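*Asks:* Take this structure first; my questions come after.
There are 2 protein chains.
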Amino acid sequence: MAVRASNVRRGRQGRGERGGERRRQEIISKSARLFATKGFDATSMRDIAAAAGLNAGSLYYHFKSKDELFLAVHSAGVESAMEAVRKALEGLTDPWERLEAAAAAHASALFESADLMIMLVPNFPGGFSEFRDELVRQRDEYEQIIRDLVTDLDLPADIDRDVFRLHFLGALNWTQTWYRPNSRLTPEDIGRQLVRILRCSRE
Amino acid sequence: MAVRASNVRRGRQGRGERGGERRRQEIISKSARLFATKGFDATSMRDIAAAAGLNAGSLYYHFKSKDELFLAVHSAGVESAMEAVRKALEGLTDPWERLEAAAAAHASALFESADLMIMLVPNFPGGFSEFRDELVRQRDEYEQIIRDLVTDLDLPADIDRDVFRLHFLGALNWTQTWYRPNSRLTPEDIGRQLVRILRCSRE
DNA sequence: GTCTATACAGCGATAGAC
DNA sequence: GTCTATCGCTGTATAGAC
Numbered sequence: 001m002a003v004r005a006s007n008v009r010r011g012r013q014g015r016g017e018r019g020g021e022r023r024r025q026e027i028i029s030k031s032a033r034l035f036a037t038k039g040f041d042a043t044s045m046r047d048i049a050a051a052a053g054l055n056a057g058s059l060y061y062h063f064k065s066k067d068e069l070f071l072a073v074h075s076a077g078v079e080s081a082m083e084a085v086r087k088a089l090e091g092l093t094d095p096w097e098r099l100e101a102a103a104a105a106h107a108s109a110l111f112e113s114a115d116l117m118i119m120l121v122p123n124f125p126g127g128f129s130e131f132r133d134e135l136v137r138q139r140d141e142y143e144q145i146i147r148d149l150v151t152d153l154d155l156p157a158d159i160d161r162d163v164f165r166l167h168f169l170g171a172l173n174w175t176q177t178w179y180r181p182n183s184r185l186t187p188e189d190i191g192r193q194l195v196r197i198l199r200c201s202r203e
Numbered sequence: 204m205a206v207r208a209s210n211v212r213r214g215r216q217g218r219g220e221r222g223g224e225r226r227r228q229e230i231i232s233k234s235a236r237l238f239a240t241k242g243f244d245a246t247s248m249r250d251i252a253a254a255a256g257l258n259a260g261s262l263y264y265h266f267k268s269k270d271e272l273f274l275a276v277h278s279a280g281v282e283s284a285m286e287a288v289r290k291a292l293e294g295l296t297d298p299w300e301r302l303e304a305a306a307a308a309h310a311s312a313l314f315e316s317a318d319l320m321i322m323l324v325p326n327f328p329g330g331f332s333e334f335r336d337e338l339v340r341q342r343d344e345y346e347q348i349i350r351d352l353v354t355d356l357d358l359p360a361d362i363d364r365d366v367f368r369l370h371f372l373g374a375l376n377w378t379q380t381w382y383r384p385n386s387r388l389t390p391e392d393i394g395r396q397l398v399r400i401l402r403c404s405r406e
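Residue numbers (my numbering), protein chains in the order written: chain A, 1 to 203; chain B, 204 to 406.
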């Protein structure tokens, strides 16, 4: 049975969670950046330890395996994206405006929000049998938000809403592959452009 | 200096290329499937050897390194996609019709064309300093075809054609992540739907 | 909670027989 | 052209001192 996302691996230490939790967050953050840059397989625990200023063995005090660390990173990334999108939607009522705000927030989260991304997870690492369900569950929760946005859209009858949503998220996530900062466009611009492309001349 | 794509690693054996070339193709094909399924790093030369019915060491008669094998797979994938798209464009003149045909061909190639895909290559494997330029060159050659298609489109002035192309290819390539055969839609359907979404009410 | 040291598996690649 | 055997290295993960 899958674990609740936010409660994954908590409370190992007796009660002194003050500094330990910060350390844990630091590891997650550094791992996220490395996973996103080099890929999961190409990132070694030694790399992560070096980035976080620990020795390799010490990581295993906080996470009992590399896969579990990945799960924590994924969880943090999804949660951060959900929060960003929810916040961006506040007060907006026009369906296309809402989609545009979500696209901008998603794109932005992909690159800027601290270091947590991995929305993508093109193919989940290796076997991963134990955590696969939990990863899928996390992603589905986020996708539901987008699904609702698409439902509210006024689309021609011959457009499949599922395909629309998947292409929408696909284009967005793929930006990871080609977008580099210090371009003339910000991530927000990229997201908004996408919605303008999808929206076309409609009002 | 980079090697010509099609001539990469040819003519090792004296002149008996009859069976050897078939073997080589078989290895490329099986590798492509494995790379696409498990990722480059997670696929070992032993995996490939097993899939191709060889022993691990024998692979190095055909390819002098794993990176070089990847290059060959990538090259075959791009060339196959280019051919499919070029063929699909034959005789078509309407810009949106041409884009739709290209999308269908691209999506189809991603899943069906033998087993060569890896259009994607989200981030090229590891260091790859030696082959990187050649990989980028191969991809650029294909992207130029799409670029030309987008140039011919009649788009509103506020739509950036580069962003349009990248989102278009992004959505298409991302299908790899979610599409599974025996869905109610074929890859061609997915591609055509995408163009219909982009096209919207425009004519 | 972090360190050092290390076990042990799996990788890419090579050598040499056939 | 393929096999077997193996080298050297790097990876994850663990044990035990501090």
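From the three backbone atoms N, C-alpha and C, an ideal C-beta is built for every residue, glycine too. Bear in mind the structure is a predicted one, so any value in this text is a computation, not a measurement.
Listed in chain order, which residues of the segment 129 to 155 of chain A have Cβ atoms closer than 8 Å to some Cβ of chain B?
*Replies:* The residues in question: there are none.
*Asks:* Is the beta carbon of Ala252 of chain B closer than 8 Å to that of Leu262 of chain B?
*Replies:* Taking 8 Å as the Cβ cut-off, Leu262 of chain B and Ala252 of chain B qualify as a contacting pair.
*Asks:* Taking just the CA atoms, how far does Glu271 of chain B sit from Ser234 of chain B?
*Replies:* Taking the straight line joining both Cα atoms gives about 12 Å.
*Asks:* With a threshold of 6 Å on Cβ separation, who are the neighbours of Gly219 of chain B within its own chain once the five nearest residues in sequence on each side are excluded?
*Replies:* The predicted position of Gly219 of chain B is uncertain, since its pLDDT is 46 and thus under 50; a value taken from the coordinates is nonetheless stated next. Nothing listed; no residue qualifies.
*Asks:* For Trp96 of chain A, would you say it is in contact with chain B, using Cβ-to-Cβ distances shorter than 8 Å as the test?
*Replies:* It does not; no Cβ of chain B falls within 8 Å.
*Asks:* Listing by chain order, which chain B residues have their CB less than 7 Å from the CB of His167 of chain A?
*Replies:* The answer, in chain order, is Ala374, Leu397 and Ile400.
*Asks:* Could you give the DSSP three-state label for Ser224 of chain B: helix, strand or coil?
*Replies:* For the record, residue 224 of chain B in the displayed sequence is Glu; it is not Ser. Of the three classes helix, strand and coil, the one that applies to Glu224 of chain B here is helix, per DSSP.
*Asks:* Hey, how far is the Cα of Arg387 of chain B from the Cα of Gln347 of chain B?
*Replies:* Roughly 32 Å between the two C-alpha positions.
*Asks:* Counting pairs of Cβ atoms below 8 Å between the segment 276 to 293 of chain B and the segment 357 to 372 of chain B, do you hit three or more?
*Replies:* With the cut-off at 8 Å, the segment 276 to 293 of chain B and the segment 357 to 372 of chain B do not touch.
*Asks:* Taking the beta carbon of Gln379 of chain B as the centre, do at least 16 other beta carbons fall within 10 Å, making it buried, or is it exposed?
*Replies:* The residue in question, Gln379 of chain B, is buried, as its Cβ has 16 or more Cβ neighbours within 10 Å.
*Asks:* Starting from Asp411 of chain B, find everything on chain A with Cβ-Cβ shorter than 8 Å and list it in chain order.
*Replies:* A query on residue 411 of chain B cannot be resolved here, the shown segment of chain B reaching from 204 to 406 and no further.
*Asks:* Would you please state the rounded distance, in angstroms, between the beta carbons of Ala107 of chain A and Val85 of chain A? I believe it to be under 8 Å.
*Replies:* So it is not a contact: roughly 11 Å between Cβ atoms.
*Asks:* Is there a Cβ of chain B sitting closer than 8 Å to that of Phe63 of chain A, yes or no?
*Replies:* No, Phe63 of chain A lies away from the interface with chain B (no Cβ there is under 8 Å from its Cβ).
*Asks:* Thinking just about the alpha-carbon of each residue, which of A:Gly191, A:Asp154, A:His62 and A:Ala109 is nearest to the one in Gln25 of chain A?
*Replies:* Nearest option by C-alpha distance: A:His62.
*Asks:* Closest by CA to Ala81 of chain A, which one among A:Glu188, A:Phe35, A:Thr43 and A:Ala109?
*Replies:* Minimum Cα distance to Ala81 of chain A is reached at A:Ala109.
*Asks:* Would you kindly check if the distance between the Cβ of Arg46 of chain A and the Cβ of Ala36 of chain A is under 8 Å?
*Replies:* The answer is no: Cβ separation not under 8 Å.
*Asks:* Under the three-state reduction of DSSP, which class applies to Tyr61 of chain A: helix, strand or coil?
*Replies:* Three-state result, Tyr61 of chain A: helix.
*Asks:* Determine, for Ile48 of chain A, whether the minimum Cβ-Cβ distance to residues of chain B falls below 8 Å.
*Replies:* So no, Ile48 of chain A is outside the interface.
*Asks:* Considering just the uninterrupted stretch of the alpha helix (DSSP H) at Asn173 of chain A, what are its terminal residues?
*Replies:* Unbroken alpha helix (DSSP H) run through Asn173 of chain A: Arg161 to Trp178.
*Asks:* Which one of A:Ile197, A:Arg192 and A:Leu198 has the shortest CA to CA distance from Glu100 of chain A?
*Replies:* Ranking A:Ile197, A:Arg192 and A:Leu198 by Cα distance to Glu100 of chain A puts A:Arg192 first.
*Asks:* Does the beta carbon of Thr389 of chain B sit closer than 8 Å to a beta carbon anywhere in chain A?
*Replies:* Not one chain A Cβ lies under 8 Å of Thr389 of chain B.
*Asks:* I believe Asp154 of chain A touches Pro95 of chain A by the beta-carbon criterion, under 8 Å. Please report the beta-carbon distance rounded to the nearest angstrom.
*Replies:* Yes, they are in contact, since the Cβ atoms of Asp154 of chain A and Pro95 of chain A sit about 7 Å apart, within 8 Å.
*Asks:* Are there 16 or more other CB atoms within 10 angstroms of the CB of Gly280 of chain B, so buried, or fewer, so exposed?
*Replies:* Gly280 of chain B is buried by the Cβ-count criterion.
*Asks:* Reducing DSSP to helix, strand and coil, say where Arg192 of chain A ends up.
*Replies:* Residue state, collapsed to three classes: helix.
*Asks:* Give a yes or no on whether 8 Å exceeds the smallest Cβ distance from Phe164 of chain A to chain B.
*Replies:* Taking Cβ atoms only, chain B reaches closer than 8 Å to Phe164 of chain A, which makes this a yes.
*Asks:* Applying the criterion that 16 or more other CB atoms from any shown protein chain within 10 Å of the CB defines a buried residue, is Trp174 of chain A buried or exposed?
*Replies:* Buried, since its Cβ has 16 or more Cβ neighbours within 10 Å.
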